[in-house]
Structures are given as structure tokens and as C-alpha cells.
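Asker:
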Amino acid sequence: MTLLEKSHNISPDGDARLRKQGYERSGIGLLERQRQACTYWAPHLERNKRCLLDIAQKLRAEGGPGGTLVILGAGRLLDVPWETLFPQFERVVLYDADSSIVPFVERLFSSVRHTPFPPPRFEIGDLTGTVVDTAAWAGHTIERSTSPEQAATALLEGFQRGGAECQPWAGSHADLRMVVSTNLMSQLGYFPRAYIQREFRTRFKQGFADRTAAAEALECYFDRVRARHVSDIAAQKNAWAFLSSDIETITYELEGEQKDLSKVEAPPGGGAFLDDTGGAQFHWPVKITGRSDPLHGQKIRNLWPAGTPLDPPQRWIWHIVPQGLEKRYTTCGRTHVVEAWTKRSAEQPRLAS
Numbered sequence: 185m186t187l188l189e190k191s192h193n194i195s196p197d198g199d200a201r202l203r204k205q206g207y208e209r210s211g212i213g214l215l216e217r218q219r220q221a222c223t224y225w226a227p228h229l230e231r232n233k234r235c236l237l238d239i240a241q242k243l244r245a246e247g248g249p250g251g252t253l254v255i256l257g258a259g260r261l262l263d264v265p266w267e268t269l270f271p272q273f274e275r276v277v278l279y280d281a282d283s284s285i286v287p288f289v290e291r292l293f294s295s296v297r298h299t300p301f302p303p304p305r306f307e308i309g310d311l312t313g314t315v316v317d318t319a320a321w322a323g324h325t326i327e328r329s330t331s332p333e334q335a336a337t338a339l340l341e342g343f344q345r346g347g348a349e350c351q352p353w354a355g356s357h358a359d360l361r362m363v364v365s366t367n368l369m370s371q372l373g374y375f376p377r378a379y380i381q382r383e384f385r386t387r388f389k390q391g392f393a394d395r396t397a398a399a400e401a402l403e404c405y406f407d408r409v410r411a412r413h414v415s416d417i418a419a420q421k422n423a424w425a426f427l428s429s430d431i432e433t434i435t436y437e438l439e440g441e442q443k444d445l446s447k448v449e450a451p452p453g454g455g456a457f458l459d460d461t462g463g464a465q466f467h468w469p470v471k472i473t474g475r476s477d478p479l480h481g482q483k484i485r486n487l488w489p490a491g492t493p494l495d496p497p498q499r500w501i502w503h504i505v506p507q508g509l510e511k512r513y514t515t516c517g518r519t520h521v522v523e524a525w526t527k528r529s530a531e532q533p534r535l536a537s
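So in this note's numbering, the last spot in the sequence shown is 537, and the numbers never skip.
Pasting the structure below:
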């Protein structure tokens, strides 16, 4: 008997669409990156865990273990203090689209001699309920189109019609006590987008991004998915919630004598931090070479429905790829600005800023 209680929708073969769209084993590369740059990642992971531990402390003050904890995009739990958090609940449900994390989590929990919580249940699939279907439809549309113009027109119309329904997890747990979405929001469209781009290029030998109207319609569809993600979290009135996401990507080039950080242990803070004005600062002389918005102009603050009981947001830098760590980053590095929000349960007072 495995340590995890697997839900009915996990089969030996998995969902072929998830594999085809790139979800299967997608977290392995991220795990390897974390292992190679562990001292650079540590401040980000610890900051994320600290936010969750603060909520765990408040849950202990409310009483004994009870209710359900839902973790959306659980991955390999790198940024979740599961040893402390999970015992606060009667049930833990982990949602992810990558079934390869199941054996990883099994090994993780088996390393603990006595786990003071029941085995988590794992739900494998599209937690948005729409993006995998939309990408599959787009792939079929591309395949049956006779020209890139015909495909782009059909995709434009389809993406404009695409809605964002209530996400499946949101109505599944009557005793939901806490929901967690860590570093997930910007990734909700990542694999569908990459799949559509790949299928379009394979079929027509040209980039999908060049079809600007259709490409923009796809991004606007992902905007609706992200907005629904936040709305569904806010709708869990009696549950605590934690949501963190990267809100800006910054690429840099080292300008001093130091050109390769792959063999250098990170200084305190991971070598990058936000100053009092919110600007990114680095331990070494750098030239900022690029900035991008992984949320397509959306501001998380504006996605929370009016009246949602929120604590002031926190921000920090995640030094995700130090320069020199990977082949494509031999002459540059990448950092993310992360924003984190805590939503209180309806009965809880607001924290001071």
C-alpha cells in the first residue's frame, strides 16, 4: 500500500493530453535547478515558508487539527513547510498536473519516521478546468486548418469565446480550512501556450506569436483564467488562503570581474533584494538587460474582489537562475519579483501594516 491515497483519476497511463502538452515530469528540471542553485533559492523558499508558518500559528490558536488543506500546484512541496503545516488539518489534498510528483512525495514522507497527519490525497489534472481543454482544441484546430491564416482566424475567435469557469477544486471541500497557491499563478498558461506555439510552428513552419491578434486573444484568455483563480480563492469565505506569484522577471548581466556565479555560494539574501522603494538591487555590479511581466499587465491587488479580508502584501526577490548556472544563462542571470498575499478567514481581524 502506498503512502499516498491516490484518487480515481490517477491511472498508470495518466492523461495523454497532460503528457502531450508537457506537464508530465515538468517539475524535474525545476528541482534540478533548485539543487544547483540552492543557496540562491534559499531566501525565496524560506520567505514563502515563513508566510505559511505565520498562518499555521494562527490556526493553532484557533484550536486543534481539523478541516481540509488544499494546495494548488503542489509540485514537490519545495516552498511549503509541510512538516509543520500538515498536522493542523484532518485532510490534505494536493492538486497538480504532473503525476510524476506522486513517487517523489511518497519518498519525501517515507523519510519521516512518524508523520502526525493522515496520508494526503493527490488530485492529478487541470486544476483550472479549462486550459488543457482549450489547448487541446487549439491543437486540433491547427491540425485541420489548411493555412496559417485560417488557423489564426479560428484560434482568435475561439480564444475570444473562451471562458473561465469555476475551478473544480473550489466547490469540492465543504470543510475547507486553508487553500494555498504558491508560485502558480503565472504558470497557469505556460504549458498551454508553449504547446500551441509548438503545434503552430510544426504545422506551418512559422511562429504563432507573429499572428498578433490571435496571440493577444490567447493572453487575454489566460487573464480570465488568472482572475478566476483569485476569485475562487477569495470565495472560500471561512478559509485562510495564501497566494504568491512572480509579478516581474528581471534579467541581468554581471559587469564586474565576477562573470560566473555557478560555483559561488550566494551572499545573504541570495545576492539580490528589493530596496525601500521596491527597486531591485544586486550584490555585484550588474546591467539590467530586460524586464517582463508574467501576468500580462494584471495586478493581483485588483483581482481580489472588494471586501476580501487581506493582510498587506509582501514582496521579495527570487534569484532563480544565477549567471553561469545553465547553458542558456552563461552570459546573463534571471531574478523574479514575488508578491505574496494572505487572505484571512471571515472571522479573523486584520493585521496591522
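Built from N, CA and C at the ideal position, the CB exists for glycine as well.
As the structure is a prediction and not an experimental result, all values here were calculated from the model.
Helix, strand or coil for Glu510, going by three-state DSSP, please let me know.
Answerer: Your numbering for residue 510 matches position 326 in the sequence shown. Here Glu510 sits in coil by DSSP.
Asker: Relative to the C-alpha of Trp424, which candidate in Ala240, Trp468 and Ala281 has its C-alpha closest?
Answerer: Within the sequence shown, the letter at position 240 stands for residue 424. Of the candidates Ala240, Trp468 and Ala281, the one whose C-alpha sits nearest the C-alpha of Trp424 is Ala240.
Asker: Which first and last residues belong to the alpha helix (DSSP H) in which Thr386 is found?
Answerer: Along the sequence shown, one-based indexing puts residue 386 at 202. Segment Tyr374 to Phe388, the alpha helix (DSSP H) holding Thr386.
Asker: In whole angstroms, what separates the C-alpha of Arg499 from that of Glu403?
Answerer: Here residue 499 refers to the residue found at position 315 when the sequence shown is read from its first residue. Here residue 403 refers to the residue found at position 219 when the sequence shown is read from its first residue. Distance between the alpha carbons of Arg499 and Glu403: 25 Å.
Asker: Touching or not, the segment 341–348 and the segment 317–331, by the rule of three or more beta carbon pairs under 8 Å?
Answerer: Contact holds: three or more Cβ-Cβ distances are below 8 Å.
Asker: Using beta-carbon positions only, say whether Ser284 and Ile212 come within less than 8 Å of one another.
Answerer: Here the question's residue 284 lines up with position 100 in the sequence shown. Here the question's residue 212 lines up with position 28 in the sequence shown. Contact: yes.
Asker: Under three-state DSSP, which class holds Val442?
Answerer: The residue you call residue 442 lines up with position 258 of the sequence shown. Inspection of the sequence shows that residue 442 is occupied by Gln rather than by Val. Of the three classes helix, strand and coil, the one that applies to Gln442 here is coil, per DSSP.
Asker: Taking DSSP as the reference, what is the three-state secondary structure of Leu311?
Answerer: Your numbering for residue 311 matches position 127 in the sequence shown. Of the three classes helix, strand and coil, the one that applies to Leu311 here is coil, per DSSP.
Asker: Which one or two residues does DSSP pair with Thr433 in a beta bridge?
Answerer: Here residue 433 refers to the residue found at position 249 of the sequence shown. Looking at the DSSP assignment, Thr433 forms a beta bridge with Ser476 and His520.
Asker: Ignore the nearest five residues each way along the sequence and tell me which others in Gln390's own chain have a CB closer than 8 Å to its CB.
Answerer: For the purposes of this step, residue 390 is taken as residue 206 along the sequence shown, with counting starting at 1. So the list reads Pro332 and Phe384, once near-sequence residues are dropped.
Asker: Along the chain, where does the beta strand (DSSP E) containing Gln498 start, and where does it finish?
Answerer: Locating residue 498 in the sequence shown gives position 314, where the first residue counts as 1. Gln498 -> beta strand (DSSP E) spans Gln498 to Val505.
Asker: Just to confirm before moving on: does the CB-CB distance between Val277 and Arg297 stay below 8 Å?
Answerer: As a position in the sequence shown, residue 277 is number 93, starting the count at 1. As a position in the sequence shown, residue 297 is number 113, starting the count at 1. It is not a contact, given that the beta carbons lie outside the stated cut-off.
Asker: Buried or exposed for Asp394, please, with buried defined as at least 16 other CB atoms from any protein chain shown within 10 angstroms of its CB.
Answerer: The residue you call residue 394 lines up with position 210 of the sequence shown. Per the 10 Å Cβ criterion, exposed.
Asker: Under 8 Å by Cβ, that's how I've got Leu261 and Leu229 pegged, so tell me the actual separation to the nearest angstrom.
Answerer: Position 77 of the sequence shown holds residue 261. Position 45 of the sequence shown holds residue 229. In fact, because the Cβ distance is near 10 Å, the residues do not count as touching under 8 Å.
Asker: Measuring straight from C-alpha to C-alpha, what distance separates Lys483 and Gln371?
Answerer: Against the sequence shown, residue 483 aligns to sequence position 299. Against the sequence shown, residue 371 aligns to sequence position 187. Computed Cα separation, rounded: 15 Å.
Asker: Can the beta-carbon of Ile542 be found less than 8 Å from the beta-carbon of Ile380?
Answerer: Only positions 185 to 537 of the chain appear in the structure, and residue 542 is not among them; the question remains open.
Asker: Can you tell me whether Asn486 is buried or exposed, with buried defined as 16 or more other CB within 10 angstroms of its CB?
Answerer: For the purposes of this step, residue 486 is taken as residue 302 along the sequence shown, with counting starting at 1. In the assembly as shown, Asn486 is an exposed residue. Its beta-carbon has fewer than 16 other beta-carbons within 10 Å.
Asker: Return the residue from the list Gly454, Asp430, Ile326 and Tyr513 that minimises the CA-CA distance to Asp477.
Answerer: The residue you call residue 477 lines up with position 293 of the sequence shown. Among Gly454, Asp430, Ile326 and Tyr513, the Cα nearest to that of Asp477 is on Asp430.
Asker: From the DSSP output, in three-state form, read off Tyr279 for me.
Answerer: On the sequence shown, residue 279 is found 95 positions in, with the first residue counted as 1. DSSP places Tyr279 in strand when its eight states are reduced to three.
Asker: Report buried or exposed for Glu307, applying the criterion of at least 16 other Cβ atoms within 10 angstroms of its Cβ.
Answerer: Against the sequence shown, residue 307 aligns to sequence position 123. The residue in question, Glu307, is buried, as its Cβ has 16 or more Cβ neighbours within 10 Å.
Asker: In chain order, which alpha helix (DSSP H) runs of at least 4 residues are fully inside the segment 392–431?
Answerer: Qualifying alpha helix (DSSP H) stretches, in chain order: 396–418.
Asker: Is the segment 454–461 in contact with the segment 498–513, if contact means three or more CB pairs nearer than 8 Å?
Answerer: yes
Asker: From Lys443 to Gln507, what does the alpha carbon distance come to, in whole angstroms?
Answerer: As a first step, residue 443 must be located in the sequence shown, where it is residue number 259. As a first step, residue 507 must be located in the sequence shown, where it is residue number 323. About 7 Å.
Asker: Can you tell me the Cβ-Cβ gap for Gln218 and Phe375, rounded? I've got them flagged as a contact below 8 Å.
Answerer: As a working note, residue 218 is residue 34 in the sequence shown. As a working note, residue 375 is residue 191 in the sequence shown. Contact flag wrong, Cβ pair sits at about 19 Å.
Asker: For the beta strand (DSSP E) that contains Thr366, what are its first and last residues?
Answerer: What you label residue 366 is simply residue 182 of the sequence shown in a count that begins at 1. It spans Leu360 to Thr366 - the beta strand (DSSP E) in which Thr366 sits, taken as one unbroken run.
Asker: May I have the straight-line CA-CA distance separating Asp495 from Val521, to the nearest angstrom?
Answerer: Working through the sequence shown from its first residue, we reach residue 495 at position 311. Working through the sequence shown from its first residue, we reach residue 521 at position 337. One C-alpha to the other measures close to 19 Å.
Asker: Compute the beta-carbon to beta-carbon distance between Ala464 and Asn232, rounded to the nearest angstrom, for a pair I have assumed lies under 8 Å.
Answerer: Indexing the sequence shown from 1 puts residue 464 at position 280. Indexing the sequence shown from 1 puts residue 232 at position 48. Going by Cβ atoms, the distance from Ala464 to Asn232 rounds to 18 Å, so no, they are not a contact pair.
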